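At position 134 of the sequence shown (counting the first as 1) the number is 165 in the numbering used here, and the numbers step up by one without a gap.
All C-beta atoms, glycine included, are put in the ideal place defined by N, C-alpha and C.
If you're wondering where the values come from, they're calculated on a predicted model, not measured in any experiment.
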Amino acid sequence: MFIIRNYRYNDETNVIDLWNNCLTRDPINQDIFHKKVILDENFNNELCLVAEDNNRIVGFILGMSRKYPYEERGTEPEKGWISVVFVDKDYRFNGIGKKLVEEIEKRFINMGKRNITLASYSPNYFFPGPDKDVYSDSIEFFKKLGYQELGEAVGMDMILYDFKIPDEVKEIEKNLNEKGYRIETFKKIYSLPLLQFLQKHFPGGWVRNARNALIKNKGEDTLLLAFDKNNDIVGYCQRAIDDIEGHFGPFGVHENLRGQKIGTVLFYKMLFDMYKRGIYHVWLAWTDGDAQRFYERAGMKVNKKHAIMKKILNRKGDVANE
Ligand SMILES: CC(C)(COP(=O)(O)OP(=O)(O)OC[C@H]1O[C@@H](n2cnc3c(N)ncnc32)[C@H](O)[C@@H]1OP(=O)(O)O)[C@@H](O)C(=O)NCCC(=O)NCCS
Numbered sequence: 032m033f034i035i036r037n038y039r040y041n042d043e044t045n046v047i048d049l050w051n052n053c054l055t056r057d058p059i060n061q062d063i064f065h066k067k068v069i070l071d072e073n074f075n076n077e078l079c080l081v082a083e084d085n086n087r088i089v090g091f092i093l094g095m096s097r098k099y100p101y102e103e104r105g106t107e108p109e110k111g112w113i114s115v116v117f118v119d120k121d122y123r124f125n126g127i128g129k130k131l132v133e134e135i136e137k138r139f140i141n142m143g144k145r146n147i148t149l150a151s152y153s154p155n156y157f158f159p160g161p162d163k164d165v166y167s168d169s170i171e172f173f174k175k176l177g178y179q180e181l182g183e184a185v186g187m188d189m190i191l192y193d194f195k196i197p198d199e200v201k202e203i204e205k206n207l208n209e210k211g212y213r214i215e216t217f218k219k220i221y222s223l224p225l226l227q228f229l230q231k232h233f234p235g236g237w238v239r240n241a242r243n244a245l246i247k248n249k250g251e252d253t254l255l256l257a258f259d260k261n262n263d264i265v266g267y268c269q270r271a272i273d274d275i276e277g278h279f280g281p282f283g284v285h286e287n288l289r290g291q292k293i294g295t296v297l298f299y300k301m302l303f304d305m306y307k308r309g310i311y312h313v314w315l316a317w318t319d320g321d322a323q324r325f326y327e328r329a330g331m332k333v334n335k336k337h338a339i340m341k342k343i344l345n346r347k348g349d350v351a352n353e
């Protein structure tokens, strides 16, 4: 008979081993476990639970909620996330996963949370939602527990061997230059206007990603900016937000200037800069819709598909009709 209890520090090796057996597409090591779980500023031991059977760890769940504001999103007091949940293959279909989720939901309700999202806790998410190919079974599991599938997010990648900026993109850049637009590598003097541009035009996580790179003195290596003829920043492209060199994004252009191919030039210049640095594989973890089509046109391929899943809890923990 299994029990559910709070995670203890000496469960670490067993939890990491079980994680790597269960979440085979998203393996972690001790460093990542510490960085993204234990040392996350919002980590709460009351929301980090294991299932144990005869001293053996057979399941794990990590819930997250904000103690600290996430830029302008604040502490999102009604929101909770289930970052990951997994159960030992030999112990599945015994109600362990269900019990782990129900226990976390109970604790969320006691904390006043109503909106529960799977997986996509920013900034330290492991994937945007259950993987539709490799963990597709878990989608059924979550549906049974009242979670609704609201959409899809994809991961994409591309090999950069022999990468060249196409002639037509060079031509587009020339035309943009004639209109007074230019692409430049970040310089420290641009710190303030960059942060202000991101704050005004993009979600909170973006300004945070840029600020972290600047604090680590990585701006010159990992950021490209687009300027208009007044020297105002109108576009931005970043890579290596988590220090993984080939990790592309975020990437965005001022909403009034979209459709003029500023993004295309930023994108190709960033990829060429990566290629020159010996980075031969570019990937991104989370995109959808128009952005996905943009990357596809540029040659990137979908390598992961994730279900975006949420549940609204009422006080009793049932799904509310909203
Ligand atoms: C998803 C997972 C945690 C489920 O754990 P579990 O302990 O086997 O699930 P439970 O026994 O508690 O199942 C609860 C309900 O979901 C159903 N269910 C569980 N797995 C299912 C599956 N693969 N297909 C269809 N239904 C499933 C059960 O039949 C049960 O239904 P019931 O209440 O009507 O009896 C487990 O399969 C797992 O670890 N998968 C790999 C990791 C993963 O994908 N995690 C999710 C990423 S966030």
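Would you list the one or two residues that DSSP bridges to residue i?
{"i": "K335", "result": "G186"}
{"i": "D297", "result": "One detail in the question is off: residue 297 reads as Leu in this sequence, not Asp. DSSP output for L297 lists no bridge partner at all."}
{"i": "A257", "result": "I214, G266"}
{"i": "N37", "result": "L80"}
{"i": "V116", "result": "I92"}
{"i": "F279", "result": "R270"}
{"i": "N146", "result": "K110, I343"}
My output table needs one value for residue i: the three-state DSSP class, helix, strand or coil.
{"i": "N85", "result": "coil"}
{"i": "V165", "result": "coil"}
{"i": "Q291", "result": "coil"}
{"i": "H285", "result": "coil"}
{"i": "R56", "result": "coil"}
{"i": "E180", "result": "strand"}
{"i": "A316", "result": "strand"}
{"i": "M340", "result": "strand"}
{"i": "N73", "result": "coil"}
Is the beta carbon of residue i sitting closer than 9 Å to the one on residue j?
{"i": "F282", "j": "V313", "result": "no"}
{"i": "V333", "j": "G186", "result": "yes"}
{"i": "Y326", "j": "L191", "result": "no"}
{"i": "M340", "j": "I140", "result": "no"}
{"i": "S96", "j": "N76", "result": "no"}
{"i": "D84", "j": "F33", "result": "yes"}
{"i": "K129", "j": "K175", "result": "yes"}
{"i": "F233", "j": "L225", "result": "no"}
{"i": "G203", "j": "F303", "result": "The amino acid at residue 203 is misidentified as Gly; the sequence shows Ile. No, the Cβ-Cβ distance between I203 and F303 is not below 9 Å."}
{"i": "A82", "j": "Y122", "result": "yes"}
{"i": "V26", "j": "L207", "result": "Outside the displayed span of the chain (32 to 353) sits residue 26, for which this structure offers no information."}
{"i": "K342", "j": "Q179", "result": "yes"}
So is the beta-carbon of residue i under 8 Å away from any non-hydrogen atom of ligand 1?
{"i": "A150", "result": "yes"}
{"i": "F124", "result": "yes"}
{"i": "G177", "result": "no"}
{"i": "L54", "result": "yes"}
{"i": "I88", "result": "no"}
Measuring CA to CA, which of the options is closest to residue i?
{"i": "R104", "options": "P161, D274, Y311, G236", "result": "G236"}
{"i": "K300", "options": "L223, A241, R213, K137", "result": "R213"}
{"i": "F91", "options": "E102, E107, R39", "result": "R39"}
{"i": "K163", "options": "I343, A338, N345, L344", "result": "A338"}
{"i": "R56", "options": "A316, P154, N125", "result": "A316"}
{"i": "K354", "options": "E102, P154, I135, R36", "result": "Because the chain here runs from 32 to 353, residue 354 falls outside it and cannot be looked at."}
{"i": "G330", "options": "Y267, E276, D188, T318", "result": "D188"}
{"i": "V68", "options": "L223, R289, F157", "result": "F157"}
{"i": "E136", "options": "F124, L149, N125", "result": "L149"}
{"i": "G250", "options": "D259, N261, D263, D274", "result": "D274"}
{"i": "N41", "options": "I88, P58, I59, L78", "result": "I88"}
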